[in-house]
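K.L.:
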Amino acid sequence: MSSISRDITEISRCAAQYRTERLAPLGLKSCHGSYLLVICDEPGISQDKLAQRICINKSNVARQVASLEEDGFITRTPSKEDRRVIMLFPTQKALDVLPAIRKVLGDWRDFLTSDLTPEEQEQLLTMLHKLRQKAPNWTEAL
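The following block contains the structure:
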C-alpha cells in the first residue's frame, strides 16, 4: 500500500528539482517562487504571516527573505504600528518575474496532470485542497 506522506514527499522533491532548474535563469532558488507569489499577491504582508501562510518556520523565512532582499526582489520595512513587525513588499524586479514564476508552476502542474481526465484533475485538486486545509491543524489532533 502506498504511503500518502511518501508520495507527497517524492512529488515535492521532484517539483523542487524542476523549479530549481527552471527558476535559476531568473536568479531565483526553488523555494523563492512560493515566497514571491504571496508577497506579490499580498504586498505588506508581515514576515511572520508569510511564515504561517507557506508553513515554513520563521528562521528559514528570515533567511530566504534576506536573500530575496539582497537580490533586489523585495524590500523589508518595519511596521509603523509596531517596529518589531517586518513588512514585505515586492520590487518591480519581483513583479517583472511573476508571470514567469506562474508559468513554471503551471507547466509543472500540467506535466503532472497530463494523463488525468479533466474530472480526475478536479477530483485531485479538491482532495489535495482538503488535505492542505487539514495539515496545519496537526497539533490540535495530538
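Residue numbers for the sequence shown follow our numbering, so the first one is 903 and each next one is one higher. By construction, the Cβ of each residue, glycine as well, lies at the ideal position given by its N, Cα and C atoms. Quick caveat, the model's predicted, so the values are computed rather than measured.
Give the single residue among Ile956, Gly946, Asn959 and Cys957 whose Cα lies nearest to the Cα of Ile976.
P.N.:
Reading the sequence shown from its first residue, position 74 is the one you call residue 976. That would be Gly946, whose Cα lies nearest to the Cα of Ile976.
K.L.:
Grab me the residues of Arg955's own chain with a C-beta within less than 6 Å of its C-beta, minus the 5 sequence neighbours each way, in chain order.
P.N.:
Here residue 955 refers to the residue found at position 53 when the sequence shown is read from its first residue. So the qualifying residues of the chain are Val940.
K.L.:
What is the rounded straight-line gap between the Cα of Leu1110 and the Cα of Ser932?
P.N.:
Summary: the structure shown does not reach residue 1110, with the chain confined to residues 903 through 1044, and so no result is reported for it.
K.L.:
Tell me the rounded alpha-carbon separation between Lys995 and Glu971.
P.N.:
Along the sequence shown, read from residue 1 onward, the residue named residue 995 stands at position 93. Along the sequence shown, read from residue 1 onward, the residue named residue 971 stands at position 69. Taking the straight line from one Cα to the other gives about 11 Å.
K.L.:
CA-CA distance, Lys1036 and Gly935?
P.N.:
Taking the sequence shown and counting its residues from 1, one reaches residue 1036 at position 134. Taking the sequence shown and counting its residues from 1, one reaches residue 935 at position 33. Rounded to the nearest whole angstrom, the CA to CA distance from Lys1036 to Gly935 is 23 Å.
K.L.:
What is the rounded straight-line gap between the Cα of Cys916 and the Cα of Ile910?
P.N.:
As a first step, residue 916 is located in the sequence shown; it is residue number 14 there, counting from the start. As a first step, residue 910 is located in the sequence shown; it is residue number 8 there, counting from the start. The alpha-carbon atoms of Cys916 and Ile910 are separated by roughly 10 Å.
K.L.:
Which same chain residues end up closer than 7 Å to Lys960 when comparing Cβ atoms and leaving out the 5 residues on each side of it in sequence?
P.N.:
Taking the sequence shown and counting its residues from 1, the one referred to as residue 960 is at position 58. For Lys960, where only same-chain residues beyond five positions count, the Cβ hits under 7 Å are Asp950 and Ala953.
K.L.:
Please go through the segment 981-1022 and give each complete alpha helix (DSSP H) segment of 4 or more residues, from N-terminal end onward.
P.N.:
994-1015
K.L.:
Using a 10 Å radius around the Cβ and a threshold of 16 neighbouring Cβ atoms, would you call Met903 buried or exposed?
P.N.:
On the sequence shown, position 1 is the one that residue 903 refers to. With a pLDDT of 46 at Met903, under the threshold of 50, the predicted position of this residue should be treated as unreliable, and no value is reported.
K.L.:
Using DSSP's beta-bridge definition, name the partner residues of Ser948.
P.N.:
In the sequence shown, residue 948 corresponds to position 46, counting from 1. Met989.
K.L.:
Going by Cα to Cα distance, which pick from Pro1001, Leu997 and Ala968 is closest to Ile988?
P.N.:
Stepping through the sequence shown from its first residue, residue 988 is reached at position 86. Checking every option, the nearest Cα to that of Ile988 belongs to Ala968.
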